[in-house]
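Participant: Sending over a structure as structure tokens; questions will come in a sec.
In the numbering used here, the protein residues as written are 23 to 417.
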């Protein structure tokens, strides 16, 4: 076997392939970082909002206004992500997977800069706008990254490599939680750096993407560029003979050309598409409405209300559990199947949610329930990463 090549799951893995996957999931890492970064410095940023208000209006900010501003600062990230996610299909077809990720990094650069400079400019509007712009970036990254990785991955590794998107997200969350400690960047004069660090993965991805090939599947099926697709396959696989892989794409393209394009309304009207589209929607809803985002956005507050002695460290503990069980899912997903893991994860999350609710309700009468609630939260996160978390990106 040539130097620089390794075997993984019976497939030859080249340096170009590893570089391409690593570069792509930097977008997922940044996504996770921006989910977790806003949690730890909440009190410090609220104090900054109050100081800015006093400077402008000569009086402390009303409690209701402060709550509204903070809620907007947190929620507008998701609004940006929701809006840009509608554009993933258009951007990926118009610019391509690689160039789409490259251009998308401009949103991260602008958003990170706005957040990082907000304290210097004494403007909470800049921070809120920065959260919105970085949300636009994350919405596109959450679609482009698994799309690119899934298309360049060998069929036998597609499930496992698909979960790397989720692994990078939870790693980003954990990094943000650790850097947000008061002993690191979670202090009054350093929190802008904490938020501004969102540009680092984006800059690194921009530097590495030119060395990564475009998705051969995109080049052949969408752009009909057979020569460029062959060249990309050779770089990714390390083989000169790629005719069998190209034949698979030709067959896929032939089938796609035979299928007529349908509108969104037709997807629901046609009996052929109705069941698959309903299953897809329910899978997405089961992930997004599971409540796990609330756990990570407000985990420190939840642990504080649960009576945990060191809520910040408990939050980091949840982040470690998050990462650990995402790695576990890497090994389980091809053995147990996506359906089994998804149902197992949702069932476990439901049980943990009931235990957590009961523990919080009994906390005043039974002090040791704080430990039960903490374990229930850890279990909730673990089951999410076994089931709903990585499943969608691995398909």
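For every residue, glycine included, the Cβ atom is placed at its ideal position computed from N, Cα and C.
These figures come from a predicted structure and were not determined experimentally.
1. Exposed or buried, what is residue 379 when buried is set at 16 or more other beta-carbons lying within 10 Å of its beta-carbon?
2. Can you give the Cα-Cα distance for residue 125 and residue 230, rounded to whole angstroms?
3. Helix, strand or coil: how does DSSP classify residue 35 here?
4. Kindly indicate the opening and closing residues of the alpha helix (DSSP H) around residue 406.
5. Find out if the Cβ-Cβ distance for the pair residue 101, residue 157 is shorter than 8 Å.
6. Would residue 199 pass as a contact of residue 341 if the rule is Cβ separation under 8 Å?
7. Which runs of the alpha helix (DSSP H) at least 4 residues long sit entirely within the stretch 177-204? Give them in chain order.
8. Along the chain, where does the alpha helix (DSSP H) containing residue 174 start, and where does it finish?
9. By Cβ distance, which residues of its chain are closer than 6 Å to residue 39, with the 5 residues on each side in sequence left out?
10. Would you be able to state if there are at least three C-beta pairs under 8 Å between the stretch 109-121 and the stretch 205-212?
11. Measuring CB to CB, does residue 162 end up less than 8 Å from residue 152?
12. Going by DSSP in three states, residue 119 sits in which element: helix, strand or coil?
13. Classify residue 257 as helix, strand or coil using the three-state DSSP reduction.
14. Identify the continuous alpha helix (DSSP H) that holds residue 309 and give its terminal residues.
15. Nearest-angstrom Cα distance between residue 140 and residue 41?
16. With DSSP run on the structure shown, which of helix, strand or coil describes residue 273?
17. Near residue 51, what residues of its chain come up, given a Cβ to Cβ distance below 7 Å and the 5 sequence neighbours on each side ignored?
18. Which same chain residues, not among the five before or five after residue 256, have their C-beta less than 7 Å away from its C-beta?
19. How long is the line joining the alpha carbons of residue 63 and residue 218, rounded to whole angstroms?
20. CA-CA distance, residue 119 and residue 132?
21. For the candidate residues 128, 386, 272 and 403, whose alpha-carbon lies nearest to that of residue 241?
22. Where does residue 340 fall in DSSP's three states?
23. Measuring straight from C-alpha to C-alpha, what distance separates residue 332 and residue 326?
24. Which class does residue 5 belong to by DSSP, given the choice of helix, strand or coil?
25. Beta-carbon separation of residue 409 and residue 364 under 8 Å?
26. So the candidates are 186, 328, 339 and 406; which of them puts its Cα closest to the Cα of residue 388?
27. Going by CA-CA distance only, name the one from 239, 175, 221 and 400 that's closest to residue 339.
28. In whole angstroms, give me the CA-to-CA distance for residue 306 and residue 411.
Facilitator: For this structure:
1. Note on residue 379: under 16 other CB atoms within 10 angstroms of its CB, so exposed under the neighbour-count rule.
2. Just so you know, the alpha carbons of residue 125 and residue 230 end up roughly 13 Å apart.
3. strand
4. 391-408
5. A contact, by the Cβ cut-off of 8 Å.
6. yes
7. 180-184 and 186-201
8. 146-174 is the span of the alpha helix (DSSP H), which, as asked, contains residue 174.
9. 258
10. No, the stretch 205-212 does not touch the stretch 109-121.
11. No, they are not a contact pair.
12. helix
13. Residue 257: helix per DSSP, three-state reduction.
14. 293-310
15. 34 Å
16. helix
17. 190, 193, 194 and 223
18. 262 and 264
19. 13 Å
20. 21 Å
21. Comparing Cα positions, the closest option is 272.
22. helix
23. 8 Å
24. The chain is shown only over 23 to 417; residue 5 falls outside these bounds and no answer can be derived.
25. yes
26. 328
27. 400
28. 10 Å
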